[in-house]
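Report on the structure given below.
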Amino acid sequence: MEEKRDELLQIDLGNGQARVLLCSTTHMVQECADIHGASAVCAAALGRLLTGAAMMGIMMKGEEESVTVTLKGDGPMGTLMAVADHGDVRGYADDPTVVLPLRPDGKLDVGGAVGHSGRMTVIRDLGNGKQYVGQSEIVSGEIAMDFAQYFTVSEQTPSLVALGVRLHEGTVLQAGGILIQPLPGCPEEMIDQLELRSPMFADISRELTFDTLENLARDWFRGLDPQILERTPIRYKCSCSRERMEKALISMGRKELQSLIDENQGAELSCHFCHRKHFFSTEDLKDMLEKAVKKESGEDQAHE
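Position in the sequence shown counted from 1, then plus 1244, gives you the working numbering.
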């Protein structure tokens, strides 16, 4: 039986007047929730963040480029982070087990978990040592509105964003998102049409329950000449490895490594994103110390 996949569609409207990113992320969000043992409200918050980051990651041009989105709000979840490139996404929260009462309207209180004030930071890593950093204030903590605020304020690109996660007793029934942006030269008529249609995809996770991405795109943008340009699979994937963990230890420097060696208990590092653990023996640490010494000596010589 073929495994179901999450997917993102890149759609052109009006022959280059606007672009749409439309995605289903149900399996990715479920895996994230399972890995972190997330409560319902935290699974919804992480799911929305990962979905938004996935769309940002697809917008990056180079294969080595990636985007990191951090939400640092004043809610009990603490800091939330998602990293995405071309379809591979991972994320975590300081406390993914927070439980809150439902809002008066019966919906999960994502804004209460994230916080209603704070900052969204977006780091675009261009893969060549260059980074672009943008920031905006959190305006609701419901995340979709915060992404829209970021695009408008930090990138001067007015955007429509809808993100949704439907859950039932720990199971992610449906998750997905949509990002719509007018392109340079987009006529006012197109912008008016998109704003008029925005209520149609406001509850996107519910809409995805009953129809496919393709059908929804055709129905929502009927009369605007929607053309699917590209399809990209989306998945939860961590890039951690023993080699990366070793580099992290070496970067601590000689004093920290020597301290670990003196304790003679080795070192165990756990990945924030996948909780995979990597153990390094005292002998491993001694080898790393040699590398750290060489690295620092090389840096000292370079500064002479």
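Beta carbons are placed, not taken as given, at the ideal position from N, Cα and C, and that holds for glycine.
Please return the same chain residues whose Cβ sits closer than 7 Å to the Cβ of Glu1451, not counting the five positions on each side in sequence.
Phe1445, Leu1460
So, at 8 Å on beta carbons, what are the nonlocal neighbours of Ala1337 in its own chain, with the 5 sequence-adjacent residues on each side left out?
His1280, Ala1282, Cys1286, Ala1289, Leu1290, Met1321, Gly1322, Thr1323, Leu1324, Met1325
What residue range is occupied by the uninterrupted alpha helix (DSSP H) comprising Ile1279?
1270-1280
Buried versus exposed, by CB contacts within 10 Å (16 or more), Glu1246:
Low confidence applies to Glu1246: its pLDDT is 39, below 50, so where it sits in the model is not reliable, and the reading given next is rough at best. Exposed.
Just list the residues that DSSP pairs Pro1477 with in beta bridges.
Glu1251
Own chain residues within Cβ distance below 6 Å of Leu1355, not counting five before or after
Checking the sequence, you will find Gly at residue 1355 rather than Leu. Within the same chain, Gly1355 has close Cβ partners Ser1384, Gly1385, Glu1386.
Answer with buried or exposed for Gly1317, where buried requires no fewer than 16 other C-beta atoms within 10 angstroms of its C-beta.
buried
DSSP has Cys1267 in a bridge; who is on the other side?
Leu1252, Gly1421
The beta strand (DSSP E) with Val1313 in it runs from where to where?
1310-1317
Tell me which same chain residues have a C-beta within less than 6 Å of the C-beta of His1516, skipping the five on either side of it?
Tyr1336
Just curious, the beta strand (DSSP E) that Glu1512 is in, first and last residue?
1511-1514
Closer than 7 Å to chain C by CB, Pro1431:
Note that chain C does not occur in the displayed structure, where there is just one protein chain.
Can you have a look at Pro1345 and say buried or exposed, based on whether 16 or more other CB atoms are within 10 angstroms of its CB?
exposed
Please report the straight-line C-alpha distance between Val1397 and Leu1427, rounded to a whole angstrom.
16 Å
Own chain partners of Met1532 with C-beta closer than 7 Å, once the 5 adjacent residues on each side are dropped:
Glu1490, Leu1493, Ile1494, Leu1501
Secondary structure at Ile1367, three-state DSSP: helix, strand or coil?
strand
What's the C-alpha gap between Gly1258 and Arg1462?
13 Å
With DSSP as the reference, identify every bridge partner of Leu1411, one or two as the case may be.
Val1416
For Ala1406 and Gly1420, the rounded distance between their alpha carbons
8 Å
Following the continuous beta strand (DSSP E) through Thr1453, name the residue where it begins and the one where it ends.
Looking at the DSSP string, Thr1453 is not in any beta strand (DSSP E); the run it does join, the alpha helix (DSSP H), is 1448-1454.
Pairwise C-alpha distance: Ser1525 and Met1304:
39 Å
List, from N- to C-terminal side, the beta strand (DSSP E) runs of 3 residues or more that fit wholly inside the stretch 1375-1413.
1375-1381, 1404-1412
Nearest-angstrom Cα separation, counted from His1522 out to Arg1486:
6 Å
Answer yes or no: do Glu1251 and Arg1410 have a C-beta to C-beta separation smaller than 7 Å?
no
Identify the residues that DSSP records as bridge partners of Pro1426: which are they?
Ala1262
Can you tell me whether Gly1335 is helix, strand or coil according to DSSP?
strand
Exposed unless 16 or more other CB atoms sit within 10 angstroms - verdict on Phe1189
This structure cannot speak to residue 1189, because the chain is shown only from 1245 to 1548.
Measuring straight from C-alpha to C-alpha, what distance separates Ile1435 and Cys1482?
38 Å
Met1299, enclosing alpha helix (DSSP H) - first and last residue
1284-1303
What is the DSSP secondary structure of Lys1521, counted as helix, strand or coil?
strand
Is the separation between the beta-carbon of Arg1347 and that of Asp1353 shorter than 7 Å?
yes
Taking the alpha helix (DSSP H) that Val1354 belongs to, which residues open and close that run?
1354-1358
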